[in-house]
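One structure is given here, and the rest of the page talks about it.
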Amino acid sequence: MRFSIRLALPLALVIAAVAFVVTPLIDRYTQKWFVRDLDIRSRLVSEVLRDELATFDAKEIATASSRARVQRTLDRLVRDERIYALAICDANRQKIAATDTFAAALTCNEATSNPADRGEVVQAKNGPLHLFIADLSLSDGTVVHSVVAHDVSFMTKRSQETRRAFFGLFLFLLVLVASLSVLVAHLTWKGWLRGVRELLDLAKSTPKISRKLLARAVPELRPIARDLRDWAHEAARASGQRDPSQITWSPEALRSILQKELSGEEILIVSNREPYIHTRVGDTIQVQVPASGLVTALEPVMRACSGTWIAHGSGSADRETVDRGDHVRVPPKKPAYQIRRVWLTPEEEKGYYYGFANEGLWPLCHIAHTRPTFRSEDFEQYRKVNALFAKAVLEEAKTQNPVILVQDYHLALLPRLIREKLPEATIITFWHIPWPNSEAFGICPWREEILAGLLGSSILGFHTRFHCHNFLDSVDRYLEARIERETMTISYGSELTKLNAYPISIDWPPRRLEEVATTEECRRRVRERHHLSAGTLLAIGVDRLDYTKGILERFNGVERFLDLNPSFRGRFSLVQIGAPTRSNIFQYRQFVEQVRAEAERINTKFAADGSPTILLLERHHEPEEIFEYFRAAEMCLVTSLHDGMNLVAKEFIGARDDEDGVLILSQFAGAARELPEAIVVNPYDVDQCADAIRLALALPIEERRMRMKSMRAYVQEFNVYRWAGRMLIDAARLRRLAGLKRSRTEGLEASFSDFR
0 MRFSIRLALP LALVIAAVAF VVTPLIDRYT QKWFVRDLDI RSRLVSEVLR DELATFDAKE
60 IATASSRARV QRTLDRLVRD ERIYALAICD ANRQKIAATD TFAAALTCNE ATSNPADRGE
120 VVQAKNGPLH LFIADLSLSD GTVVHSVVAH DVSFMTKRSQ ETRRAFFGLF LFLLVLVASL
180 SVLVAHLTWK GWLRGVRELL DLAKSTPKIS RKLLARAVPE LRPIARDLRD WAHEAARASG
240 QRDPSQITWS PEALRSILQK ELSGEEILIV SNREPYIHTR VGDTIQVQVP ASGLVTALEP
300 VMRACSGTWI AHGSGSADRE TVDRGDHVRV PPKKPAYQIR RVWLTPEEEK GYYYGFANEG
360 LWPLCHIAHT RPTFRSEDFE QYRKVNALFA KAVLEEAKTQ NPVILVQDYH LALLPRLIRE
420 KLPEATIITF WHIPWPNSEA FGICPWREEI LAGLLGSSIL GFHTRFHCHN FLDSVDRYLE
480 ARIERETMTI SYGSELTKLN AYPISIDWPP RRLEEVATTE ECRRRVRERH HLSAGTLLAI
540 GVDRLDYTKG ILERFNGVER FLDLNPSFRG RFSLVQIGAP TRSNIFQYRQ FVEQVRAEAE
600 RINTKFAADG SPTILLLERH HEPEEIFEYF RAAEMCLVTS LHDGMNLVAK EFIGARDDED
660 GVLILSQFAG AARELPEAIV VNPYDVDQCA DAIRLALALP IEERRMRMKS MRAYVQEFNV
720 YRWAGRMLID AARLRRLAGL KRSRTEGLEA SFSDFR
């Protein structure tokens, strides 16, 4: 017992000393963090006041009406629970406008004695306040001062709570260390210390531990030694693991993740659509980037990750541009990765792509009132083409355990085909379109085979949690599988598939902004190009000519808006960019005719008013052209009838670095769950769509900027690199777990060997 006291007492004194030294430091830094946060909040409030005062000059600000307007702004802002008082003072330190709480605590002379654009904590009449002074310029250059005061009494309360928490923690550590010291003393007395030291030596040697070191442990402690070895091995691997929410996502961050989490691992992307298409135009070969949300999302990822993208070679000059292994390096100007092209016959493409994928699965999953068509000969071609893609994957894979990202509904059977040949591969499948409810999915004649194919994936991703649950319900209804809804995992056969929601996004900052003119120049060019007056109000819609995009509903909403608001006739136009798609399918050809007819009917109806109401542009537009239209428009209309995400909404936000413009967004697009600042509508409700257009035109500039700033901040944080990085981090965790299981298996084999 004396030995225990001699061991525990010095440790207790050390911990107590550390507590008294560390706690004040933590208290000091906590207050610094609070002050920094208050500086940021105050700066944002000052920016709002800067915009408000920019319209006044020195004479106007002195009038009673102007002061009343400023006073209303201050009263609205001071509703924030943390803001104590607000004031505007002139250069002579005289009050122009202030809240009631300001006069009770401060004067302009006291407040503006602090340096500008920096926060200070001062002692006022009613207690400590955080003051932030900003210099604001009126329209004639006159400088006034804004004073933002925050109540900082909460800092003292939280500092006290922090001190109590840390003292409690150190007290707990004191008791814990004392108890462990007594335990160690007793173990020493009983002669077990030697065995524990051997275990610690074994742990330190992980992960290079050998069977000889394991055999050194005393027989009674060998099971503990093996568990300790496995634990230390996993801890060492997990030491580099990152929390996705703490990473600033960029191409560099994604490359860093790959180097740390998947160092040396082979990464393949497999999709039907290729990111670059080579087409012959006369005697020249042109490179085209297809209008596809999938390509928009994945192409910047491949720039960051390198690797190989396996896709169908559909361009008229694709065969002329590949090497002997059917590879081509892209992008053309600065190659960063390679495409491996898969060749299909016209019969295969007709049955696999136009048939089962786009006449069957596409309308089935989108539930857009177009009946899916299922033909057995189409599904046979679908099977055949999925097998061709699997063969290409096996040819490109240089290892037995590559990381393979399978994309979209064209390749639902591929994960199972790869799993059968590469059982150690980490297969991430992302389903870019909605997943329907189990009743709707049940009409597919090959539903079990589709589900089993997708469950060959290690990770199966959807845009929203809602689609994940729909998939779980489908598996529960049509397959014999064990489902864990709490962990979102499915055990089918001997394999485990993890489901997760990965909302897709765009690259940030958008690369196309570097190639596009200013907002003012884009407005001028677009209006001149279409012979519109400079004052014409412009809405933009960008879609493939697909019946799921709600283009007809959009036209009807515009027509209804002009019926209800005749003053806008002749000075409001919708530019509808429609990229031709799937023209081999009857439903698409029929839909294009309907779109043309509806645009012509509406234009004829309002022809006498001047500018055309709807400008239908039926051709492929390069991304730079689309960004020009985004920047030229007052609003963007996204009216999908059903959509997985719809990246047009996020691209419009990315293009508006002027922080202006309004997004009208369908509630049936996945993006609506992420962008509540948009004006969310039901595209089937024509009156609601018309009201949304009227509201978008009536919003004051301050609210438009507030909405756009918020959406841009969200898209900046939740960009495409985060989308890919989260999937790759999850893949790395699965690979670590697989390595841990193999390590345990080796340990068991060693145990049986020792026993024999």
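If you read the sequence shown in numbering that gives the first Met the number 0, its first letter stands for residue 0, the second for the next number, and so on. All residues carry an ideal CB built from backbone N, CA and C; glycine is no exception. Being a predicted model, the structure only gives us computed values, none of them experimental.
Item	Value
Rounding to the nearest angstrom, what Cα-Cα distance links R92 and V300 in this structure?	54 Å
Relative to the C-alpha of H756, which residue among S315, K333, S313, W308 is closest?	Outside the displayed span of the chain (0 to 755) sits residue 756, for which this structure offers no information.
Of the residues T106, S145, K94, L614, which one's Cα is nearest the Cα of G118?	S145
Which whole-angstrom value is the C-beta distance of L135 and L52, which I expect to be below 8 Å?	5 Å
Under the rule that 16 or more other beta-carbon atoms within 10 Å means buried, what is K397, buried or exposed?	exposed
By how many angstroms is the C-alpha of V69 removed from the C-alpha of I276?	57 Å
Are the segment 481-489 and the segment 412-432 touching, with three or more C-beta to C-beta distances below 8 Å?	no
Between the alpha carbons of A237 and N469, how many angstroms are there, rounded?	Note that A237 has pLDDT 44, beneath the 50 cutoff, so the model's placement of it is unreliable and the number below is only indicative. Cα to Cα, A237 sits roughly 33 Å from N469.
Please report the distance separating the alpha-carbon of A386 from that of G324.	18 Å
Could you tell me if R163 is buried or exposed, where buried requires 16 or more neighbouring beta carbons within 10 angstroms of its beta carbon?	exposed
Pull up the DSSP beta-bridge partners for W361, would you.	Looking at the DSSP assignment, W361 forms no beta bridge with any residue, so it has no partner.
Quick one: what's E783 bridged to in DSSP?	Any question about residue 783 goes unanswered here, given that the chain covers just 0 to 755.
For the pair the segment 540-560 and the segment 580-600, tell me if three or more CB-CB distances fall below 8 Å.	yes
Whose CA, out of S45, L170, V34, L175, lies closest to the CA of L128?	V34
If we require 3 or more residues per run, which beta strand (DSSP E) segments fall completely within the segment 270-357?	276-280, 283-287, 307-311, 326-329, 336-341
Suppose the cutoff is 6 Å on Cβ atoms and the five residues either side in sequence are ignored; what does the same chain contact list for I706 look like?	The sequence shown places Arg at residue 706, not Ile. Closer than 6 Å at the Cβ level, and outside the excluded window around R706, lie E676.
Indicate whether L646 and M710 have their beta-carbon atoms separated by less than 9 Å.	no
Rounded to the nearest angstrom, what separates E160 and I39 at their Cα positions?	24 Å
Measuring only the C-alpha atoms, how far is N499 from R524?	44 Å
Around the C-beta of I780, are 16 or more other C-beta atoms found within 10 angstroms, so that it is buried, or is it exposed?	Since the first residue shown for the chain is 0 and the last is 755, residue 780 is missing from the structure and cannot be characterised.
Rounded to the nearest angstrom, what separates T372 and P274 at their Cα positions?	28 Å
Any chance you could list the beta strand (DSSP E) runs of at least 3 consecutive residues sitting entirely within the segment 540-597, in chain order?	571-578
Work out the CA separation of D475 and I482 for me, nearest whole Å.	7 Å
Quick one: measure Cβ to Cβ for F614 and H529, integer angstroms, because I've assumed they're closer than 8 Å.	Phe is not the amino acid found at residue 614; the sequence shown has Leu there. Right, their Cβ atoms sit about 6 Å apart.
For the pair the segment 556-568 and the segment 676-691, tell me if three or more CB-CB distances fall below 8 Å.	yes
If I follow the unbroken alpha helix (DSSP H) through N385, where does it start and stop?	375-395
I246: which of R511, Q715, R734, L733 sits nearest, CA to CA?	Q715
May I ask you to report which of helix, strand or coil DSSP gives C443?	coil
Anyone know if the C-beta pair for V637 and F651 falls short of 9 Å?	yes
Would you grab the beta carbon distance between V719 and R630 for me? Rounded to a whole angstrom, and I think it's under 8 Å.	Actually they are not in contact, since the Cβ atoms of V719 and R630 sit about 21 Å apart, beyond 8 Å.
Assign S758 to one of three DSSP states: helix, strand, or coil.	Because the chain is modelled from 0 through 755, residue 758 falls outside the range shown and cannot be assessed.
Would you tell me roughly how many angstroms separate the C-alpha atoms of S178 and L168, rounded to the nearest one?	15 Å
Using three-state DSSP, classify A231 as helix, strand or coil.	Only weak support exists for where A231 lies, its pLDDT of 48 falling under 50; the coordinates are left without a value.
Kindly provide the ranges of any alpha helix (DSSP H) runs that are 4 or more residues long and lie completely inside the segment 414-501, ordered along the chain.	437-440, 446-453, 464-477
Can you grab the Cα-Cα spacing for the pair R318 / V329, in whole Å?	15 Å
Whose C-beta lies closer than 8 Å to the C-beta of L363 among residues of the same chain, with five residues either side of it excluded?	P371, P435, A439, F440, I442, C443
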